[in-house]
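Encoded as structure tokens, the structure appears first; notes follow it.
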Amino acid sequence: MKTPQQLLQQTLEVGECLLPDAPPGGRSAHPTVFVHGLLGWGEQDALYRAVPYWGLTAGDVLGYLNACGYDCRAASVGIISSAWDRACELYAALTGGRADYGIAHAQHFGHARFGTAYPAPLVPGWGADKPVDLVGHSFGGATTRLFLEILTNGCPEEVAAAKAAGVAPSPFFLGGKGSWVHSLTAIAAPHNGTTFIEANSDFTKLAANLATGAAKALGLSSLKGVYDFQLDQFGIRKDDNETFAQALDRVLRSDFLSHNDNAFLDLTIDKSLEINKGIEIQPNVYYFSYAGDQTSADPLTGNHYPTVSAIPSNGMSALMMPGSINMGKYCDKYTAGGIYIDRSWLPNDGLVNTVSALYPTTTDKNTTECRKRDGTQGWINYDGYSDITFRPGIWYVMPVTRADHMQFVGGIANKSVIETHLFYRNLMDDIYGTYGSGQPEEQPFPFTDVADGRWSYSYIRQLYEAGVIDGMTPTTFVPTGDVTRAQFVKMLARLQGADVSEYRSAGFEDVPADAWYAPYVNWAAANGIVYGISSTEFAPNADISRQDMAVMLDRYAQQSGIVLGTDNAAVTFTDEADIAAYALPAVQALQRAGVINGMPDGSFCPRGSATREQACAMLCRL
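Position 129 (the sequence shown) corresponds to 246 in our numbering; numbering is contiguous.
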């Protein structure tokens with residue numbers, strides 16, 4: 118049986134988007150449900166169509182995975198709601214219907230029993246015969262863990278409260294549905310809380326108040342469906358029998374934070390550990406945990422400071438640096454509940470402490486203890502590539518990733534498309550390895566003409582491992598070779614994971630229907646990435662110029678929803694006057710984004726042919 122990497126190794130002329138062996142029953146039988154974090158959004162929010170949470174400025178990651186044959190959906194749950202409320206909403210999202218928070222819970226926290234309505238199930242037919250794989254980012258990881266606990270063991274308190282009231286409890290609270298989840302993957306999840314809350318207390322209070330204000334404003338406006346805070350249970354909405362003035366007066370007088378049923382409280386270390394006490398590691402579920410660290414230790418003080426790099430994807434986003442700085446020196450303190458914060462809490466991803474994202478603890482006092490129900494250790498450090506067989510009922514802690522909190526989901530204009538795609542392809546490989554397809558062995562880099570020290574080595578290797586490119590022969594890449602226009606549009610299609618099989622003639626007379634490159638050229642033309650050298654000619658076999666490559670990359674970014682950064686200062690190339698007028702805006706935009714850097718002598722060489730390694734560098738920097 119081929120490993121996933123072997124399956125991905127296809128020549129540039131083949132063009133199939135091949136994936137690891139499908140689990141029994143086919144891919145469609147096992148959907149993967151992605152759950153966003155604090156202030157995030159999902160498919161039910163109209164915002165998702167413009168800016169997908171899973172991808173952000175790196176484009177639509179789930180769209181890419183779906184195009185590659187996976188079945189991925191993005192759930193919508195409360196933006197600043199508690200882990201409990203979000204778990205109840207996740208159940209309603211999966212099954213369809215209105216979120217039921219339980220009678221006992223609603224009475225205790227002083228809000229309505231029912232909340233957000235989901236008009237259709239996110240996963241029709243969800244059940245033991247069609248389990249889901251859960252992937253949660255940030256607070257989404259805490260949400261999915263509590264969701265799985267209730268789904269499996271139910272909530273006797275809610276069942277008793279419903280019985281006393283003479284009504285039926287939500288099926289969610291009955292439990293007995295643990296087999297409905299196959300795996301749970303937590304990405305940068307604050308399993309044990311985060312010191313961001315305490316280390317940045319003033320900012321946290323301000324953010325909480327601003328978020329509450331935004332929730333009130335959006336809850337009463339026509340934009341509620343665009344970015345929905347989903348706080349209907351707290352009355353932050355306009356009722357049908359109210360005038361707008363009446364609703365405004367009522368909502369403005371409401372105090373969401375005073376209910377103590379919110380994410381800001383649940384993210385504290387004390388409350389996180391309290392929640393953890395009621396959550397067991399389920400013996401039949403596979404667990405994966407990905408943590409990030411984008412800091413470096415100061416050799417004098419030992420404090421941790423954000424990583425700064427001229428390459429945006431290698432450093433922390435500037436927006437996260439202030440909070441990270443405070444987290445990186447917040448230690449030798451006790452929480453209100455008596456938990457000691459030692460120096461192991463200093464490394465962080467800007468929002469979550471690395472140590473907290475490794476695995477959930479099972480005690481409210483010891484933040485390093487993780488035990489299964491039989492008392493044995495509940496986690497294993499995995500190196501990320503060894504040939505092992507994953508077992509259910511234990512957390513597999515993946516190698517810590519050099520990434521800030523938002524880089525895991527595409528970043529804030531500081532994470533490249535290929536890095537983001539490669540992360541999620543590898544993540545899906547791990548998940549699907551639990552279905553019996555086996556674990557990938559580390560695939561040796563085959564190209565003898567691309568030395569480890571070559572400037573383009575990392576770019577070529579990334580694209581090779583992601584299945585975007587392959588060599589000219591099994592052992593050579595020919596990095597200085599030229600790239601044709603047809604070859605480059607195929608790279609773009611493979612980068613996106615596009616299904617090009619349905620694209621028919623774009624009207625170019627020099628693109629025969631039976632040519633290997635025809636569907637890729639047609640795809641690029643249909644999506645406004647190429648227009649040809651004329652209305653009837655594409656020149657597929659001509660070497661692509663550097664300026665035309667820049668134009669195609671810029672159009673590809675726009676088509677894919679990728680937001681180009683502006684971190685680099687604008688420069689004027691020595692031969693800027695030679696850049697065609699149609700290409701100059703694209704060249705300038707890509708230079709500001711760090712995608713192109715020009716030649717060593719300060720020129721851009723717009724009409725020169727782009728080499729294979731230059732193409733790889735630009736694709737990886739995008």
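All C-beta atoms, glycine included, are put in the ideal place defined by N, C-alpha and C.
Small disclaimer: the values here were computed from a predicted structure and weren't measured.
- Residue ranges of uninterrupted alpha helix (DSSP H) with 4 or more members, entirely inside the region 681-731 and ordered along the chain, are 701-709.
- In the structure shown, the three-state DSSP call for residue 479 is coil.
- DSSP assignment within the region 418-472 yields the following whole beta strand (DSSP E) runs of 3 residues or more, N-terminal first: 421-423.
- Of 211, 231, 314, 214, the smallest CA-CA separation from residue 220 is found for 231.
- Within a 10 Å sphere around the beta-carbon of residue 313 sit 16 or more other beta-carbons, which makes this residue buried.
- Around the C-beta of residue 542, 16 or more other C-beta atoms lie within 10 Å, and the residue is accordingly described as buried.
- Exclusion of the five residues before and after residue 695 leaves 723 as the residues of its chain whose Cβ lies within less than 6 Å of its Cβ.
- The count of Cβ pairs closer than 8 Å, one atom from the region 333-352 and one from the region 188-208, reaches three, so the stretches are in contact.
- As DSSP reads the structure, residue 496 sits in a beta bridge with 512.
- With a contact defined as Cβ atoms closer than 8 Å, residue 668 and residue 699 qualify at about 7 Å.
- The Cβ atoms of residue 187 and residue 545 sit closer than 7 Å to each other.
- Rounded to the nearest whole angstrom, the CA to CA distance from residue 396 to residue 273 is 14 Å.
- In this structure residue 263 touches residue 200 by the C-beta definition: roughly 5 Å separates them, less than 8 Å.
- A residue is called buried once 16 or more other Cβ atoms fall within 10 Å of its Cβ, and residue 151 is buried on that count.
- In this structure residue 577 does not touch residue 693 by the C-beta definition: roughly 29 Å separates them, more than the 8 Å allowed.
- Only exposed fits residue 572, as fewer than 16 other CB atoms lie within 10 angstroms of its CB.
- The beta carbon of residue 716 sits closer than 7 Å to the beta carbons of 722 from its chain, once the five residues preceding and following it are set aside; these are given in chain order.
- Counting only the Cα atoms, residue 392 lies some 59 Å from residue 718.
- Cβ-Cβ distances below 8 Å link residue 497 to 511, 512, 513, 514 in the same chain, with the five nearest sequence neighbours on each side left out; the list follows chain order.
- When only Cα atoms are considered, residue 369 and residue 333 end up about 7 Å apart.
- Annotated as proximal: residue 429 and residue 682, with beta-carbon spacing under 7 Å.
- 434 is the residue among 417, 434, 419, 418 whose C-alpha sits nearest the C-alpha of residue 425.
- Counting only runs of 3+ residues, the beta strand (DSSP E) found wholly inside the region 222-293 occupies 231-235, 249-254, in chain order.
- When DSSP states are grouped into helix, strand and coil, residue 336 belongs to the helix group.
- Annotated as distal: residue 317 and residue 465, with beta-carbon spacing of 7 Å or more.
- As the crow flies, the alpha-carbon of residue 307 is around 22 Å from that of residue 329.
- Between residue 296 and residue 248 the beta-carbon gap is near 7 Å, inside 8 Å, which marks them as a contact.
- Looking at the backbone, the Cα of residue 635 and that of residue 678 are separated by about 24 Å.
- Excluding sequence positions up to five before and after residue 620, its CB lies within less than 6 Å of the CB of 636, 639, 640, 643, all in the same chain and listed in chain order.
- Runs of the alpha helix (DSSP H) spanning 4 or more residues and lying entirely within the region 627-670 occur at 635-643, in chain order.
- For the pair residue 155 and residue 585, the Cα-to-Cα distance works out to about 33 Å.
- If the five residues before and after residue 448 are omitted, its C-beta is found closer than 7 Å to the C-beta atoms of 458, 459, 460, 462, 463, all from its own chain and listed in chain order.
- Taking the Cα positions, residue 162 is about 26 Å away from residue 290.
- A check of alpha carbon separations from residue 726 across 689, 662, 310 identifies 662 as the nearest.
- For the 7 Å CB-CB criterion, residue 687 and residue 709 form a contact.
- For residue 346, the secondary structure class from DSSP, reduced to helix, strand or coil, is coil.
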